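Protein sequence lines correspond, in order, to chains A and B.
If you count by my numbering, then the first sequence holds residues 5 to 171, one letter each, in order.
If you count by my numbering, then the second sequence holds residues 5 to 171, one letter each, in order.
Data block below; observations after.
Protein chains: 2
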Amino acid sequence: MEDGDVLFRQDQPTSGLCRVVTGCVTLQRSSLNGDKLTLHRAVADGLFAEASIISERYHCDAVCNVPGRVLKISKTDVISTMRTTPVFSEGFTRLLAVQVQRYRAHIEMLAIGSAKERVIAAVQAGYFDATVTELATRINLTHESCYRAFRDLCEDGRMIRTGRGQP
Amino acid sequence: MEDGDVLFRQDQPTSGLCRVVTGCVTLQRSSLNGDKLTLHRAVADGLFAEASIISERYHCDAVCNVPGRVLKISKTDVISTMRTTPVFSEGFTRLLAVQVQRYRAHIEMLAIGSAKERVIAAVQAGYFDATVTELATRINLTHESCYRAFRDLCEDGRMIRTGRGQP
DNA sequence: GGCTTCATATGATCCAAATCATAAAGCTTT
DNA sequence: AAAGCTTTATGATTTGGATCATATGAAGCC
């Protein structure tokens with residue numbers, strides 16, 4: 005899996021769920037006006053496309069972010085394993101529940117009105133793992149506003165930034 | 005269960021998941037500055053507090069919206085039933101997966117910049133089931149902006165509103 | 001009936017974030 | 001090393017949504 009590789013695309017029929025062994029995959033949806041929205045990012049040992057087992061079509065694109073390896077598990081395998089192995093069921097359920105909580109937290113973050121507060125919340129939640137532009141997009145801000153928020157927060161002494169190159 | 009009844013509160017230890025038989029329950033979180041955020045609304049036959057089986061404490065409040073009956077299922081019961089009854093496991097998983105999709109759709113909606121477009125998307129998604137104020141809060145708008153969006157959309161001929169009293 | 005409360009609705013004003021513009025630093029690539 | 005790209009960064013301007021103010025109609029209550 006190389007950088008930019010598309011593992012599946014929105015509206016394609018679902019084949020099953022995926023496990024990231026190494027590397028990183030982002031799930032994104034393109035809206036009608038063309039701009040992309042990152043919904044989830046799966047890193048090593050993370051699962052994605054969990055919803056694929058219940059829906060017939062993927063509802064977002066999966067694009068490779070960091071080169072690595074991905075394991076595909078077919079839909080039928082998942083369902084049969086769930087029937088035979090309760091531990092797997094439990095683990096899978098737990099995983100989905102964690103996702104639900106994560107999304108809830110994200111929605112809560114998006115409800116924060118002020119850009120500064122939203123940026124702080126995002127950084128505290130560990131969202132700042134790539135570029136500022138990417139962080140900004142994830143929390144519905146322009147990169148300009150995000151840079152300014154960083155600057156102001158540093159000026160206020162609420163944040164200290166070191167080594168810009170690697171965040 | 006009467007209107008305004010609190011079924012559980014944020015940070016209380018979890019007891020299990022709940023099923024709405026009749027009535028309606030909203031899950032909401034209060035932020036630090038005191039204003040509430042609706043995360044989910046469960047109507048008849050809906051489950052809520054699914055995440056309770058994996059976390060030790062509730063991470064939001066459950067408040068009765070419309071009087072009715074709610075069934076509580078203990079955490080241990082859920083886990084043991086999952087072990088013995090694969091069909092239950094499957095159904096539960098499906099439910100969580102649906103939730104994940106719902107949240108993803110919601111996040112996507114919140115990414116819509118223009119108030120007018122966001123309101124349209126919300127209405128199309130079936131969010132307008134109560135008051136305008138409530139709809140506005142759910143999509144991170146003030147009720148004023150929401151009313152204006154409705155008015156403008158009607159003026160543009162993109163929407164027709166009838167019978168204001170009951171939406 | 002009169003009172004309160006809430007949802008609806010709109011006008012006026014303000015402000016923060018978007019937009020537009022520009023530039024330097026860093027990094028690939030040729 | 002020069003060219004081309006992205007990321008970081010900030011200034012100037014605009015604008016759309018928030019805020020504040022106000023009014024009306026409907027529901028509930030004593």
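By construction, the Cβ of each residue, glycine as well, lies at the ideal position given by its N, Cα and C atoms.
Predicted, not measured: the structure shown is a model, and the values here were computed from it.
{"query": "Minimum Cβ-Cβ distance from A/V47 to chain B less than 7 angstroms", "result": "no"}
{"query": "Contacts of A/A101 in chain B (Cβ-Cβ under 7 angstroms)", "result": "E54, A55, I57, I58, L100"}
{"query": "Chain-order list of residues whose beta-carbon lies under 7 angstroms from that of B/A125 (same chain, five-residue window excluded)", "result": "M113, I116"}
{"query": "Residue-chain proximity (B/M182, chain A), Cβ-Cβ < 7 angstroms", "result": "Shown here, chain B extends from 5 to 171; a query on residue 182 of chain B therefore has no answer."}
{"query": "Paired residues, beta bridge with A/H147 - DSSP", "result": "A/H147 pairs with nothing; no bridge assigned."}
{"query": "Segment contact, 8 angstroms Cβ cut-off, at least three pairs: the segment 18 to 28 of chain B with the segment 153 to 161 of chain A", "result": "no"}
{"query": "Contacts of A/L43 in chain B (Cβ-Cβ under 8 angstroms)", "result": "R108, I111, E112"}
{"query": "Beta carbon proximity, A/S93 to chain B, threshold 7 angstroms", "result": "yes"}
{"query": "Classification of A/L31 by the beta-carbon crowding that lies within 10 angstroms, buried from 16 upward", "result": "buried"}
{"query": "Contact list for the segment 61 to 84 of chain B against chain A, Cβ threshold 8 angstroms", "result": "H63, C64, I83"}
{"query": "A/Q103 beta carbon less than 7 angstroms from that of B/V102", "result": "no"}
{"query": "Within the segment 31 to 111 of chain B, ranges of the alpha helix (DSSP H) (whole runs, at least 4 residues)", "result": "79 to 88"}
{"query": "Any C-beta of chain B under 7 angstroms from that of A/R87", "result": "yes"}
{"query": "Where B/R152 falls: helix, strand or coil (DSSP)", "result": "helix"}
{"query": "Residues that A/V29 contacts on chain B, provided the C-beta gap is smaller than 9 angstroms", "result": "Simply none; closest approach about 15 angstroms."}
{"query": "A/L75 vs A/V25 beta-carbon contact at 7 angstroms", "result": "yes"}
{"query": "Local Cβ density within 10 Å of B/A48, reported as buried at 16 or more and exposed below that", "result": "exposed"}
{"query": "Run of the beta strand (DSSP E) containing A/F12, from where it starts to where it stops", "result": "10 to 12"}
{"query": "Enclosing alpha helix (DSSP H) for A/E121 [first to last residue]", "result": "119 to 128"}
{"query": "Beta-carbon gap between B/Y62 and B/F12 smaller than 7 angstroms", "result": "yes"}
{"query": "Sub-7 angstroms separation of A/C68 and A/V29 beta-carbons", "result": "yes"}
{"query": "Same chain, Cβ closer than 7 angstroms to B/N144, five either side skipped, listed in chain order", "result": "L114"}
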